[in-house]
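Peer 1: Sharing a structure here in structure tokens format.
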Amino acid sequence: MDGQNGRKSTVEPLEEADDSPWKDTVGQPARAEVVHLANGVETAELVVRARAGDVGAESLLYRRHAGDLVRVVTRLTRSATAAEDVVHDTFLLVFERLKQLREPHQFRAWALSIAVSLVRKRLRRQKLLEWVGLEALASEPLEAQARDGLSVEARGELAVLDAVLNRLPANQRLAWALRHIEGEKLDDVALLLGRSLATTKRYIAAAERRIGVHVQLDREAP
Amino acid sequence: MSLPRPVRTVLRDDANDQAVVRTWVRLQKTRQASRKVLPLAVAGLVLAGLTAVVCWPEPSPAPSASVLLARGRQQTTTRAQTTRVLSTQVVADARSVRPPPDVVGALLDAAAEALRTGHPERAEALLSEVARHHEGDPRAPTALIALGRIQLDALHRPADAVVSLTHALELNPPEDLVVSTWKSLEEARRAAGERDPGSFPP
Numbered sequence: 276m277d278g279q280n281g282r283k284s285t286v287e288p289l290e291e292a293d294d295s296p297w298k299d300t301v302g303q304p305a306r307a308e309v310v311h312l313a314n315g316v317e318t319a320e321l322v323v324r325a326r327a328g329d330v331g332a333e334s335l336l337y338r339r340h341a342g343d344l345v346r347v348v349t350r351l352t353r354s355a356t357a358a359e360d361v362v363h364d365t366f367l368l369v370f371e372r373l374k375q376l377r378e379p380h381q382f383r384a385w386a387l388s389i390a391v392s393l394v395r396k397r398l399r400r401q402k403l404l405e406w407v408g409l410e411a412l413a414s415e416p417l418e419a420q421a422r423d424g425l426s427v428e429a430r431g432e433l434a435v436l437d438a439v440l441n442r443l444p445a446n447q448r449l450a451w452a453l454r455h456i457e458g459e460k461l462d463d464v465a466l467l468l469g470r471s472l473a474t475t476k477r478y479i480a481a482a483e484r485r486i487g488v489h490v491q492l493d494r495e496a497p
Numbered sequence: 601m602s603l604p605r606p607v608r609t610v611l612r613d614d615a616n617d618q619a620v621v622r623t624w625v626r627l628q629k630t631r632q633a634s635r636k637v638l639p640l641a642v643a644g645l646v647l648a649g650l651t652a653v654v655c656w657p658e659p660s661p662a663p664s665a666s667v668l669l670a671r672g673r674q675q676t677t678t679r680a681q682t683t684r685v686l687s688t689q690v691v692a693d694a695r696s697v698r699p700p701p702d703v704v705g706a707l708l709d710a711a712a713e714a715l716r717t718g719h720p721e722r723a724e725a726l727l728s729e730v731a732r733h734h735e736g737d738p739r740a741p742t743a744l745i746a747l748g749r750i751q752l753d754a755l756h757r758p759a760d761a762v763v764s765l766t767h768a769l770e771l772n773p774p775e776d777l778v779v780s781t782w783k784s785l786e787e788a789r790r791a792a793g794e795r796d797p798g799s800f801p802p
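One line per chain: the protein sequences are H and S, in this order.
The opening residue of the first sequence carries number 276 in the working numbering; numbering runs sequentially from there.
The opening residue of the second sequence carries number 601 in the working numbering; numbering runs sequentially from there.
This is how it looks when you write it as structure tokens:
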């Protein structure tokens, strides 16, 4: 095997210090031989190795995708704390159900769909607090996540968008955010939500009607 | 003024490395706990069965038929009870480390729906269920806070609201709800006729 698939890698071996947080702390002997994995190993290969019990592959899968998930979930929940909780629960389920993933190269979409489903649950619970007048404050509203140097006007638009999104039902809010904040394709949004394409379009259109009154987005590229 | 598509192009895209590492360490601890407890649970279950079957003392010789029958019934019942209690404890321990099914989430969803459709009594029953049987769940304080507000505003039972909100504060509610919970408690105490309802910070 060559270094590309990581079986006997000599390319950028991942050597962990004893106190490294990435080092496996579980202490469970892995069922497969644990080898150093190259950073360039395909995600699908990592999934296969993680299924066989390679904790190094699990660690690398996490490192490769956790940052992206934290960012997306922070934008969806508007809370850094909630994002950490969701990503924790997501990877707990991911590693538990890894054998159920039929297409290993779809790992990111699969993990994200689990995260989206957990976010939806959280947003629904949030409604309970709203009904009793105790809405928890978002620690990371969209305007607080703006890039440095963004104009005051654009920040104002983000604040309005954040407020309108927060009033939408969970499914509409998630569908619109995945489509227009994250830039996912319509088909992918439907997959991530676990809904049909028609239903997803309906959610987005319904959200668009309420958002469009307050905030304008650039025209979509043809 | 319009925002670009996708909107994330004007949002920060820097990775929060600390959050990623913190979550990884927490994940490892959770998995470690579940890996330790599950084999113990299985072993405990087997041990409970063996103890009940092997170690039970034999009855003394030469009793009458009616005594034997009565003793047999009693022993069978006691042995079954012992096995059942031990098995229940072990299974409960094993279940406590498994994330799904999300019973608390379903209860909270149902409570929100009950409020939406104008049934605060039903919402109270559902949230009480969370408080009674899922106190260890991180969402229990939130459920108790909601319960307290329902008892205060919709059901007009401030004394019950005081109990629920006090319980919520004992369970360390989310930081962003602490101040409003203290204020709700103060309001409930006033409504319940307490002379010195206290104030926040306590």
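Heads up, the beta-carbon is just placed ideally off N, CA and C, and yes, glycines get one too.
Could you have a look at Leu-747/S and say whether DSSP puts it in helix, strand or coil?
Peer 2: In the second sequence, residue 747/S corresponds to position 147, counting from 1. Helix.
Peer 1: Are Arg-350/H and Gln-401/H touching if we call contact CB-CB under 8 Å?
Peer 2: In the first sequence, residue 350/H corresponds to position 75, counting from 1. In the first sequence, residue 401/H corresponds to position 126, counting from 1. No, they are not a contact pair.
Peer 1: Could you tell me if Trp-656/S is buried or exposed, where buried requires 16 or more neighbouring beta carbons within 10 angstroms of its beta carbon?
Peer 2: The sequence position of residue 656/S within the second sequence is 56, counting from 1. Reliability of the predicted coordinates at Trp-656/S is poor, the pLDDT of 49 falling under 50, and the value obtained from them is presented with this limitation in mind. With fewer than 16 Cβ atoms within 10 Å of its Cβ, Trp-656/S is classed as exposed.
Peer 1: Spatial neighbours of Asn-446/H within its chain, please: C-beta separation below 6 Å, excluding the five flanking residues on both sides.
Peer 2: Position 171 of the first sequence, counting from 1, holds the residue named residue 446/H. Same-chain partners within the cutoff: Tyr-478.
Peer 1: In chain S, which residues lie less than 7 Å from Lys-402/H when you measure between Cβ atoms?
Peer 2: The residue labelled residue 402/H in the question sits at position 127 within the first sequence. Correct list: Ala-712.
Peer 1: Under 8 Å between beta-carbons, which chain S residues line up against Lys-476/H? List them in chain order, please.
Peer 2: Position 201 of the first sequence, counted from the start, is the residue given in the question as residue 476/H. None at all; the shortest Cβ gap to chain S is about 17 Å.
Peer 1: Counting along the chain, where does the alpha helix (DSSP H) carrying Gly-705/S start and finish?
Peer 2: Numbered from its first residue, the second sequence carries residue 705/S at position 105. Gly-705/S -> alpha helix (DSSP H) spans 703-716.
Peer 1: Who are the near neighbours of Ala-761/S in its chain, counting only those whose CB is closer than 6 Å to its CB and skipping five residues on each side?
Peer 2: Start at 1 with the first residue of the second sequence, and residue 761/S comes out as number 161. These residues qualify, in order along the chain: Gly-748, Gln-751, Leu-752 and Ala-788.
Peer 1: Beta carbon of Val-620/S, beta carbon of Gly-342/H: below 8 Å?
Peer 2: On the second sequence, residue 620/S is found 20 positions in, with the first residue counted as 1. On the first sequence, residue 342/H is found 67 positions in, with the first residue counted as 1. Yes, these two residues count as a Cβ contact at 8 Å.
Peer 1: So, does the CB of Arg-739/S fall closer than 8 Å to a CB anywhere in chain H?
Peer 2: Position 139 of the second sequence, counted from the start, is the residue given in the question as residue 739/S. At least one chain H Cβ lies under 8 Å of Arg-739/S.
Peer 1: Tell me the start and end of each unbroken beta strand (DSSP E) in the segment 363-395 of chain H that is at least 3 residues and wholly inside, in chain order.
Peer 2: Counting only runs of 3 or more, we get nothing.
Peer 1: Along the segment 362-382 of chain H, where does the CB come closer than 9 Å to a CB of chain S? Name the residues.
Peer 2: So the list reads Val-362, His-363, Asp-364, Phe-366, Leu-367, Leu-368, Phe-370 and Glu-371, given in the order they occur along the chain.
Peer 1: Going by the CB atoms, is the gap between Ser-388/H and Gly-469/H shorter than 8 Å?
Peer 2: Locating residue 469/H in the first sequence gives position 194, where the first residue counts as 1. Locating residue 388/H in the first sequence gives position 113, where the first residue counts as 1. For Gly-469/H and Ser-388/H, yes; Cβs fall inside 8 Å.
Peer 1: Which residues of chain H have a Cβ atom closer than 8 Å to the Cβ of Val-610/S, listed in chain order?
Peer 2: Start at 1 with the first residue of the second sequence, and residue 610/S comes out as number 10. In chain order: Ala-421, Arg-422, Leu-425, Ala-429 and Leu-433.
Peer 1: In chain order, what residues of the same chain lie with their CB nearer than 8 Å to the CB of Val-625/S, ignoring the 5 residues before and after it?
Peer 2: If you number the second sequence from 1, residue 625/S lands on position 25. Hits under 8 Å: none found.
Peer 1: Using CA coordinates, which residue listed in Asp-329/H, Arg-339/H and Ala-473/H is at the minimum distance from Thr-318/H?
Peer 2: Along the first sequence, one-based indexing puts residue 318/H at 43. Closest option to Thr-318/H, Cα to Cα, is Arg-339/H.
Peer 1: Excluding the five sequence neighbours on either side, which residues of its own chain have a C-beta within less than 6 Å of the C-beta of Ala-711/S, listed in chain order?
Peer 2: For the purposes of this step, residue 711/S is taken as residue 111 along the second sequence, with counting starting at 1. If we look at Ala-711/S and ignore the five residues flanking it on each side, its Cβ neighbours are Ala-723, Leu-726 and Leu-727.
Peer 1: Kindly indicate if chain S contains any beta-carbon less than 8 Å away from that of Leu-449/H.
Peer 2: Indexing the first sequence from 1 puts residue 449/H at position 174. No - not a single Cβ of chain S is within 8 Å of the one on Leu-449/H.
Peer 1: Would His-489/H count as contacting chain S if we go by Cβ distances under 8 Å?
Peer 2: As a first step, residue 489/H must be located in the first sequence, where it is residue number 214. With 8 Å as the cut-off, His-489/H does not count as an interface residue toward chain S.
Peer 1: When the Cα of Leu-707/S is compared with those of Ala-386/H, Arg-399/H, Leu-376/H and Leu-368/H, which residue comes out closest?
Peer 2: Numbered from its first residue, the second sequence carries residue 707/S at position 107. The shortest C-alpha separation from Leu-707/S is found at Arg-399/H.
Peer 1: What number of angstroms, rounded off, separates the C-alpha of Arg-790/S from the C-alpha of Ser-784/S?
Peer 2: For the purposes of this step, residue 790/S is identified with residue 190 of the second sequence, where counting begins at 1. For the purposes of this step, residue 784/S is identified with residue 184 of the second sequence, where counting begins at 1. Computed Cα separation, rounded: 10 Å.
Peer 1: Pro-758/S CB to nearest chain H CB: under 8 Å?
Peer 2: Position 158 of the second sequence holds residue 758/S. No, Pro-758/S lies away from the interface with chain H (no Cβ there is under 8 Å from its Cβ).
Peer 1: Residue range of the alpha helix (DSSP H) that Ser-546/S falls in?
Peer 2: Any question about residue 546/S goes unanswered here, given that chain S covers just 601 to 802.
Peer 1: Rounded to whole angstroms, what's the CA-CA distance from Leu-686/S to His-733/S? Just pull it up for me.
Peer 2: On the second sequence, residue 686/S is found 86 positions in, with the first residue counted as 1. On the second sequence, residue 733/S is found 133 positions in, with the first residue counted as 1. Caution applies to Leu-686/S, whose pLDDT of 45 falls short of 50 and renders its modelled position unreliable; the model cannot decide the point.
Peer 1: How far does the alpha helix (DSSP H) with Glu-432/H in it reach, from first residue to last?
Peer 2: Reading the first sequence from its first residue, position 157 is the one you call residue 432/H. Run containing Glu-432/H: 427-442, per the alpha helix (DSSP H) assignment.
Peer 1: Using the C-alpha atoms, what's the distance from His-756/S back to Thr-717/S?
Peer 2: Along the second sequence, read from residue 1 onward, the residue named residue 717/S stands at position 117. Along the second sequence, read from residue 1 onward, the residue named residue 756/S stands at position 156. The straight-line gap from Cα to Cα measures roughly 19 Å.
Peer 1: Spatial neighbours of Glu-754/S within its chain, please: CB distance less than 6 Å, with the 5 preceding and 5 following residues excluded, ordered by chain position.
Peer 2: Sequence index remark: in the second sequence, residue 754/S carries index 154 (1-based). Per the sequence shown, the amino acid found at residue 754/S is Ala instead of Glu. Answer for Ala-754/S: Pro-720, listed in chain order.
Peer 1: Using three-state DSSP, classify Ala-327/H as helix, strand or coil.
Peer 2: As a first step, residue 327/H must be located in the first sequence, where it is residue number 52. DSSP places Ala-327/H in coil when its eight states are reduced to three.
Peer 1: Asn-616/S CB to nearest chain H CB: under 8 Å?
Peer 2: For the purposes of this step, residue 616/S is taken as the residue at position 16 of the second sequence. Chain H, which has a Cβ nearer than 8 Å to the Cβ of Asn-616/S, makes this yes.
Peer 1: Around the C-beta of Arg-795/S, are 16 or more other C-beta atoms found within 10 angstroms, so that it is buried, or is it exposed?
Peer 2: By 1-based counting over the second sequence, the position of residue 795/S is 195. Exposed, since its Cβ has fewer than 16 Cβ neighbours within 10 Å.
Peer 1: Would you call the segment 734-747 of chain S and the segment 768-782 of chain S in contact, with 3 or more CB pairs under 8 Å?
Peer 2: yes
Peer 1: Does the beta carbon of Val-703/S sit closer than 8 Å to a beta carbon anywhere in chain H?
Peer 2: In the second sequence, counting from the first residue as 1, residue 703/S sits at position 103. By this cut-off, Val-703/S is not an interface position.
Peer 1: Considering Thr-475/H, what are the terminal residues of the alpha helix (DSSP H) in which it resides?
Peer 2: Position 200 of the first sequence, counting from 1, holds the residue named residue 475/H. Element bounds for Thr-475/H: 472-486.
Peer 1: At a cut of 8 Å, does the segment 455-462 of chain H reach the segment 605-614 of chain S through at least three beta carbon pairs?
Peer 2: yes
Peer 1: List, in chain order, every chain S residue whose beta-carbon is nearer than 7 Å to that of Arg-456/H.
Peer 2: One-based indexing of the first sequence puts residue 456/H at position 181. This sequence places Ile at residue 456/H; Arg is not what is there. Those within 7 Å of Ile-456/H in chain S are Pro-606, Val-607 and Arg-608.
Peer 1: Using 8 Å as the limit for Cβ to Cβ distance, is Val-316/H near chain S?
Peer 2: The count along the first sequence starts at 1 and reaches residue 316/H at position 41. Taking Cβ atoms only, chain S never reaches closer than 8 Å to Val-316/H, which makes this a no.
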